[in-house]
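Undergrad:
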Amino acid sequence: MNWIKNFVRPKIRGILGTKKDTPDNMWIKCPLSGEMVFYRDLEANQFVVPSSGYHMNWKPKLRLAAMFDDGAYENIEFPEVAVDPLKFKDQKKYTDRLKAAKANTDQADVIVTGYGKLHDLPIVMTVQDFKFMGGSLGMAAGEALIVSMQLAVEKKCPFVLFVASGGARMQEGILSLMQMPRTTVAVQQLREAKLPYIVVLTDPTTGGVTASYAMLGDIHLAEPNARIGFAGARVIEQTIREKLPAGFQRSEYLLDHGMVDLIVHRHEMRNTVAQIARMLMKAPAIEMIKKAVHEEEPVAETNDQPLEVSDSSDDKESVQD
Amino acid sequence: MTNFLDFESQIADLRGRVAELKALAKEDEAMSIDDEVEKLEARADKHLVDLYKQLDPWQKTQVARHPERPHCKDYVAGLITEFTPMAGDRKFSEDQAIISGLGRFRGEPVMVLGQEKGHDTDSRLKRNFGMARPEGYRKAVRLMEMAEKFDIPVISFVDTSGAYPGIGAEERGQAEAIARSTDCCLGLGVPIISIVIGEGGSGGAIAIATANTVLMLEHAIYSVISPEGAASILWKDSSKAQDAAKSMKITATDLKEFGVIDDIIAEPVGGAHRDREKTLNDVSDAIANALLAFKKLSPDELRKQRRDKFLAIGRDL
Numbered sequence: 001m002n003w004i005k006n007f008v009r010p011k012i013r014g015i016l017g018t019k020k021d022t023p024d025n026m027w028i029k030c031p032l033s034g035e036m037v038f039y040r041d042l043e044a045n046q047f048v049v050p051s052s053g054y055h056m057n058w059k060p061k062l063r064l065a066a067m068f069d070d071g072a073y074e075n076i077e078f079p080e081v082a083v084d085p086l087k088f089k090d091q092k093k094y095t096d097r098l099k100a101a102k103a104n105t106d107q108a109d110v111i112v113t114g115y116g117k118l119h120d121l122p123i124v125m126t127v128q129d130f131k132f133m134g135g136s137l138g139m140a141a142g143e144a145l146i147v148s149m150q151l152a153v154e155k156k157c158p159f160v161l162f163v164a165s166g167g168a169r170m171q172e173g174i175l176s177l178m179q180m181p182r183t184t185v186a187v188q189q190l191r192e193a194k195l196p197y198i199v200v201l202t203d204p205t206t207g208g209v210t211a212s213y214a215m216l217g218d219i220h221l222a223e224p225n226a227r228i229g230f231a232g233a234r235v236i237e238q239t240i241r242e243k244l245p246a247g248f249q250r251s252e253y254l255l256d257h258g259m260v261d262l263i264v265h266r267h268e269m270r271n272t273v274a275q276i277a278r279m280l281m282k283a284p285a286i287e288m289i290k291k292a293v294h295e296e297e298p299v300a301e302t303n304d305q306p307l308e309v310s311d312s313s314d315d316k317e318s319v320q321d
Numbered sequence: 001m002t003n004f005l006d007f008e009s010q011i012a013d014l015r016g017r018v019a020e021l022k023a024l025a026k027e028d029e030a031m032s033i034d035d036e037v038e039k040l041e042a043r044a045d046k047h048l049v050d051l052y053k054q055l056d057p058w059q060k061t062q063v064a065r066h067p068e069r070p071h072c073k074d075y076v077a078g079l080i081t082e083f084t085p086m087a088g089d090r091k092f093s094e095d096q097a098i099i100s101g102l103g104r105f106r107g108e109p110v111m112v113l114g115q116e117k118g119h120d121t122d123s124r125l126k127r128n129f130g131m132a133r134p135e136g137y138r139k140a141v142r143l144m145e146m147a148e149k150f151d152i153p154v155i156s157f158v159d160t161s162g163a164y165p166g167i168g169a170e171e172r173g174q175a176e177a178i179a180r181s182t183d184c185c186l187g188l189g190v191p192i193i194s195i196v197i198g199e200g201g202s203g204g205a206i207a208i209a210t211a212n213t214v215l216m217l218e219h220a221i222y223s224v225i226s227p228e229g230a231a232s233i234l235w236k237d238s239s240k241a242q243d244a245a246k247s248m249k250i251t252a253t254d255l256k257e258f259g260v261i262d263d264i265i266a267e268p269v270g271g272a273h274r275d276r277e278k279t280l281n282d283v284s285d286a287i288a289n290a291l292l293a294f295k296k297l298s299p300d301e302l303r304k305q306r307r308d309k310f311l312a313i314g315r316d317l
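As they're listed, the protein sequences go chains B and G.
Position 120 of the first sequence, counted from 1, bears residue number 120 in the working numbering, the numbering being contiguous throughout.
Position 129 of the second sequence, counted from 1, bears residue number 129 in the working numbering, the numbering being contiguous throughout.
1) Give a yes or no on whether the minimum CB-CB distance between G:E148 and chain B is below 8 Å.
2) Need the endpoints of the beta strand (DSSP E) that B:L137 sits in, please.
3) Determine the closest residue to B:E143 out of B:H119, B:L175 and B:L121, with distance taken between C-alpha atoms.
4) What is the DSSP secondary structure of B:H55, reduced to helix, strand or coil?
5) Is the CB-CB distance between B:F132 and B:T105 below 8 Å?
6) Residues in its own chain within less than 8 Å of G:G168 by CB, not counting five upstream and five downstream?
7) Out of G:K236, G:S9, G:A77 and G:Q54, point me to the one whose CA is closest to G:A44's CA.
8) Using a cut-off of 9 Å between C-beta atoms, extract the partners of B:S176 located in chain G.
9) Nearest to G:R307 by CA position, among B:L255, B:A141, B:Q188 and B:L216, is which residue?
10) Could you work out which residues of chain B lie near G:A132, taking near to mean beta carbons separated by less than 8 Å?
11) Got a sec, what are the start and stop residues for the beta strand (DSSP E) G:T210 sits in?
12) Alpha carbon to alpha carbon, how far is B:L216 from B:W27? Give it in angstroms, no decimals.
13) So what does B:L118 bridge to, in DSSP terms?
14) Who are the neighbours of B:K89 on chain G, taking C-beta pairs under 7 Å?
15) Does any residue of chain B bring its CB to less than 8 Å from the CB of G:E199?
16) Would you call the region 149-160 of chain G and the region 100-110 of chain G in contact, with 3 or more CB pairs under 8 Å?
17) Please report whether the beta-carbon of B:V299 lies at a distance below 8 Å from any beta-carbon of chain G.
18) Would G:A252 pass as an interface residue toward chain B - the criterion being a Cβ-Cβ separation below 8 Å?
19) Roughly how many angstroms separate the alpha carbons of B:R13 and B:Y39, rounded to a whole number?
20) Is it right to say B:A164 is buried, meaning 16 or more other beta carbons lie within 10 angstroms of its own, or is it exposed?
21) Buried or exposed: which applies to G:D316, given that a residue is buried once 16 or more other Cβ atoms fall within 10 Å of its Cβ?
22) Mind listing the chain G neighbours of B:Q325? Cutoff is C-beta to C-beta under 8 Å, in chain order.
23) Answer with yes or no whether the minimum CB distance from B:T95 to chain G is below 8 Å.
24) Would G:P165 pass as an interface residue toward chain B - the criterion being a Cβ-Cβ separation below 8 Å?
25) What residues in the region 223-238 of chain B have a beta carbon less than 7 Å from any beta carbon of chain G?
26) Just by C-beta distance, which residues in the region 180-191 of chain G are closer than 7 Å to chain B?
27) When burial is assigned at 16 or more other CB atoms within 10 Å of the CB, is G:T121 buried or exposed?
28) Would you check whether the ligand SAH has a heavy atom nearer than 7 Å to the C-beta of G:P70?
29) I need the DSSP call for G:F92, collapsed to helix, strand or coil.
30) Leaving out five residues before and five after G:F157 in sequence, what residues of the same chain have Cβ atoms less than 6 Å from its Cβ?
31) Using the C-alpha atoms, what's the distance from G:L188 back to G:S298?
32) Can you list, in chain order, the residues of its chain with a C-beta nearer than 8 Å to that of G:Q318? Leave out the 5 residues immediately preceding and following it.
33) CB B:D69 to CB B:D120, shorter than 8 Å?
34) Assuming B:S212 contacts B:T184 (C-beta within less than 8 Å), just tell me the rounded distance between them.
35) Could you give the C-beta distance for B:R63 and B:F159, rounded to a whole number, given that I count them as a contact under 8 Å?
36) Please report the residue range of the beta strand (DSSP E) in which B:V48 lies.
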């Protein structure tokens, strides 16, 4: 009767909502220092290894919860797109890869977007998740990015993108390549509306994603030591038959070469993004709103369409960090 | 025709026999070979017609990369008068992987851009096999902006296996250069017409192919990654390039079906390289038609047409 155990148990677990959030392996190895870190310690430290400062992958929903005020934001739904238009199969069927990725991440695809407030400023923030098929840019992601950027245009608020991706989703062939110009149209719409577009480059961001919307921000921030580039290291090594220099394609290297404005530690990200967004939107400094709230004076209006975000409403996603 | 592709071996064989017969006849004037030559040539011709009617994607890949296929340089020489090359990105250097300059197409000024792969060792090295560095794309942006300023349409010939993957290219922001070039294409207030003449390789192609009209030669290919690249990444086996070529849907017919390209330009029997003159004429007509369609549109209408077209791609699949 083993098959019952195998097939039924996970389902019951799902229904009961007791699905484990923590991996079976409670100790995680730091890729930088090799030391073993307790999972709970990582979780409490925004998935930055406390001693080495290594920035690990951070689940989109946790990241959004940490960025938005009180962890509250409206989770944005995206239109459905054609699934597997090429009927693609390599070693595995593309549809099977998609299914596995969905099961592993509880996401529909790579893009998760929230609309909420950041230090009181209405804002749209999007995370592109590397854990879902390498964060690859396909039709679903392209459409989701367009919808997210257009939402910022509609709400007249800044757009922030935390990006990580290996590039175009090869299983969607030319249609994935077409997401480069398609997303660029949405970037232009943000630009024409004179709304800030802040890109936060996280580990890793390469290929067609870097070669389109990820390099078209008004501001490029990067997490420390993130790999950012166009071609993969292996491809370059094969082409030039030389060893790559130390630190090649890392955030610090891009900063040196003028492609990134600033490297920001994850712990400082919320304040840095808020400061930049507020300055570009000509909203008062964060200190000023804190004071205003403290003195119970009306907060200066920063937007034509004030946003109401409440933790209690059903259609809104609220996650505590 | 000396340069046969692998899958053309039967035709090569027949043509070889014709050549042999002709050589023999030269030595022996009494020999009558006309009937035999005619028969063999008719067979070879029929083979060629049949073969090219149903090329598979991998065969098309080989035709698209054929060393004698007309390259950007040939289209410029054949279709553009008063061609005046314009070099340099004004920031770092000139990149000869992209041919660029002003010229006249059927008498009207145009800005021409296109990747050039080269035709022999020297020119291939000079052109870096048609793989542009950031400077190539920045030069393209500079010249597209100039075209816009002077209200001159842009014609781009796409033929690259991709943007160059190298240390210097990364150092100088290859990704940013490509992104800006695509961005520039999309924002142009003048018409831009792109023709995929050989290989449309990924971001390196789209950077100059985000156009009001995208045309593609019948046996050209256009893909997100080369079949070899896809094979080594997805199949973990670079010998699976044929499978990758088939799976990825890279032919003009596939792309037309997806709405990614606007029209297919038919090639002469046996591919563009077998009748360069006809190919050039047909490409010329296709460009003229495409330009005509945009003649009366305002800059905003041109931008809108281009944006709407790209936003619509894939939405009806």
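Just so it is clear, CB atoms sit at the ideal spot from N, CA and C, and this is done for glycine as well.
TA: In short, the structure shows the following:
1) Among the residues facing chain B, G:E148 is not included, as its CB has no counterpart in that chain under 8 Å away.
2) Here B:L137 belongs to no beta strand (DSSP E), and DSSP marks it neither H nor E.
3) B:L175 is the residue among B:H119, B:L175 and B:L121 whose C-alpha sits nearest the C-alpha of B:E143.
4) The answer is strand: DSSP assigns B:H55 an E or B state.
5) Yes, they are a contact pair.
6) The answer, listed in chain order, is R133.
7) In terms of CA proximity to G:A44, G:S9 leads the group G:K236, G:S9, G:A77 and G:Q54.
8) What B:S176 touches in chain G: V224.
9) Looking at the Cα atoms, B:Q188 is the closest of the given residues.
10) Result: empty, since nearest Cβ-Cβ is about 12 Å, beyond 8 Å.
11) No beta strand (DSSP E) contains G:T210, which DSSP labels as neither H nor E.
12) Cα-Cα distance, rounded: 38 Å.
13) Answer is B:L121.
14) Going along chain G in sequence order, the residues near B:K89 (Cβ under 7 Å) are S247.
15) Judged by the 8 Å Cβ criterion, G:E199 is not in contact with chain B.
16) The region 149-160 of chain G is in contact with the region 100-110 of chain G.
17) Reliability of the predicted coordinates at B:V299 is poor, the pLDDT of 49 falling under 50, and no value is obtained from them.
18) With respect to chain B, the C-beta atom of G:A252 has no partner C-beta closer than 8 Å.
19) In this prediction, B:R13 scores a pLDDT of 44, lower than 50, which makes its location untrustworthy; the coordinate-derived value is nonetheless stated afterwards. So the alpha carbons of these two residues sit roughly 22 Å apart.
20) Under this definition B:A164 is a buried residue.
21) Label assigned to G:D316: exposed.
22) There is simply no residue 325 of chain B to check, as chain B begins at 1 and stops at 321 in what is shown.
23) For B:T95, the nearest beta carbon of chain G is not closer than 8 Å to its own beta carbon.
24) For G:P165, the answer is yes, since a Cβ of chain B falls inside 8 Å of its Cβ.
25) Of all residues in the region 223-238 of chain B, G229, F230, A231, V235 and I236 have a Cβ within less than 7 Å of some Cβ in chain G.
26) Residues T182, D183, L186 and G187.
27) The Cβ neighbour count for G:T121, taken over all protein chains shown within 10 Å, is under 16; the residue is labelled exposed.
28) For the ligand SAH, the structure offers nothing, since it holds no ligand at all.
29) In the structure shown, G:F92 sits in coil (DSSP, three-state: anything other than H, G, I, E or B).
30) Spatial neighbours of G:F157 in its own chain (CB-CB distance under 6 Å, excluding positions within 5 residues in sequence) are listed in chain order as C72, Y75, G114, I195 and I197.
31) Each residue's alpha carbon lies about 11 Å from the other.
32) An answer regarding residue 318 of chain G cannot be provided, because it is not within the stretch 1 to 317 covered by chain G.
33) One thing to note: B:D69 has its Cβ within 8 Å of the Cβ of B:D120.
34) That pair is a contact at about 6 Å.
35) 15 Å between Cβ atoms; not a contact.
36) Where B:V48 is concerned, there is no enclosing beta strand (DSSP E), given that its DSSP letter is neither H nor E.
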